[in-house]
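Note that the protein sequences, when read in sequence, are chains A and B. Per the working numbering, the very first residue in the first sequence carries number 6; after that it's consecutive. Per the working numbering, the very first residue in the second sequence carries number 175; after that it's consecutive. All residues carry an ideal CB built from backbone N, CA and C; glycine is no exception. Have a look at the structure below before the remarks.
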Amino acid sequence: NAGVTQTPKFQVLKTGQSMTLQCAQDMNHEYMSWYRQDPGMGLRLIHYSVGAGITDQGEVPNGYNVSRSTTEDFPLRLLSAAPSQTSVYFCASSYLQGALDSPLHFGNGTRLTVT
Amino acid sequence: KNQVEQSPQSLIILEGKNCTLQCNYTVSPFSNLRWYKQDTGRGPVSLTIMTFSENTKSNGRYTATLDADTKQSSLHITASQLSDSASYICVVSAIYGGSQGNLIFGKGTKLSVKP
């Protein structure tokens, strides 16, 4: 049972480059989300989706795009990387974010460095 | 402003000892409170989810308590093991209008268990 799979595990970009972080889940979860984790801060929500074709912004969406064409996949695109986007990115999924017995399942993260 | 505060920031204990981690929150309206364990280099993994009406919930050697009146929660770890070394994150779910809630993450407590 793979759960939530993120690729790549590590990435180094130069300022201005673009890239896509991949996220796939095999649990048939409707809800998928992207977070960033920075030292000394809690996880912060970037974008989320409640189903194929539906996405919305979280707390820190600027500089990132998402799309959800299938239930399984939720890629995160960095349009023009900036050093402020150096962070660890986590993808998470659940049956329904507000469900009382539905915890978020996290991938193991992508560590991104922008120079 | 919705906030989740965790204490202490870090903690070192000897293997076999017990410890208690604290979480105070100012989140309204409250839906549920979650504790996650995050090993170094990995994504968070759910330990417990508690709703307003639950005072205590256990998961093996982990016992979470919730006092909804004082808006405090604690995570008690019994007979600690080296594998308990991790960050422990308190997350509170708020109910907003609409079908989706909102998750507010604490910054975590870093626990080190020494032999």
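{"query": "Let me see if you follow: with CB-CB separation under 9 Å, is B:P218 close to chain A or not?", "result": "yes"}
{"query": "Run through DSSP, which three-state label would B:D258 get?", "result": "helix"}
{"query": "Judging by CA-CA distance, which residue of B:V287, B:I278, B:K288, B:P218 is the nearest neighbour of B:N206?", "result": "B:I278"}
{"query": "Taking only three categories from DSSP, how would you classify A:S89?", "result": "helix"}
{"query": "Would you check if the region 190–202 of chain B and the region 112–119 of chain A touch, i.e. whether three or more CB-CB distances between them fall below 8 Å?", "result": "no"}
{"query": "Write down the C-beta distance between B:Q196 and B:S248 rounded to the nearest angstrom, noting that I regard them as a contact closer than 8 Å.", "result": "5 Å"}
{"query": "Excluding sequence positions up to five away, which residues of its chain have a Cβ less than 7 Å from the Cβ of B:F226?", "result": "F204, A242"}
{"query": "Quick one: list the residues of chain B neighbouring A:N113, beta-carbon separation under 9 Å, in chain order.", "result": "G215, R216, G217"}
{"query": "State yes or no: is the beta carbon of B:F279 nearer than 9 Å to at least one beta carbon in chain A?", "result": "yes"}
{"query": "Counting C-beta neighbours from all protein chains within 10 Å, is the total for A:V9 16 or more, i.e. buried, or is it exposed?", "result": "buried"}
{"query": "For B:G282 versus B:S259, is the C-beta spacing smaller than 9 Å?", "result": "no"}
{"query": "Cβ of A:M46 less than 9 Å from any chain B Cβ?", "result": "yes"}
{"query": "Provide the residue span of the beta strand (DSSP E) that contains A:T12, from first to last.", "result": "9–12"}
{"query": "In its own chain, which residues sit with a C-beta less than 8 Å from the C-beta of A:T120, not counting the 5 before and 5 after it?", "result": "V17, L18, K19, T20, P88"}
{"query": "How would you list, in chain order, the residues of chain B whose beta-carbon sits under 7 Å from the beta-carbon of A:F79?", "result": "Neighbours of A:F79 on chain B: none; closest Cβ ~15 Å, over 7 Å."}
{"query": "Determine whether the beta carbon atoms of A:S38 and A:Y53 lie at a separation below 9 Å.", "result": "yes"}
{"query": "Jot down the residue ranges of each uninterrupted beta strand (DSSP E) in the region 188–239 of chain B, minimum 3 residues, whole runs only, in chain order.", "result": "193–200, 204–212, 219–225, 230–233"}
{"query": "Buried or exposed for B:P289, please, with buried defined as at least 16 other CB atoms from any protein chain shown within 10 angstroms of its CB.", "result": "exposed"}
{"query": "Using a Cβ cut-off of 7 Å, pull out every chain B residue sitting near A:F95, in sequence order please.", "result": "G217"}
{"query": "The beta strand (DSSP E) with A:I51 in it runs from where to where?", "result": "49–56"}
{"query": "What are the residues that DSSP puts in a beta bridge with B:N276?", "result": "B:A268"}
{"query": "Suppose you measure from the CA of B:T194 to the CA of B:H250; what does that come to, to the nearest Å?", "result": "4 Å"}
{"query": "The beta strand (DSSP E) with B:E179 in it runs from where to where?", "result": "177–181"}
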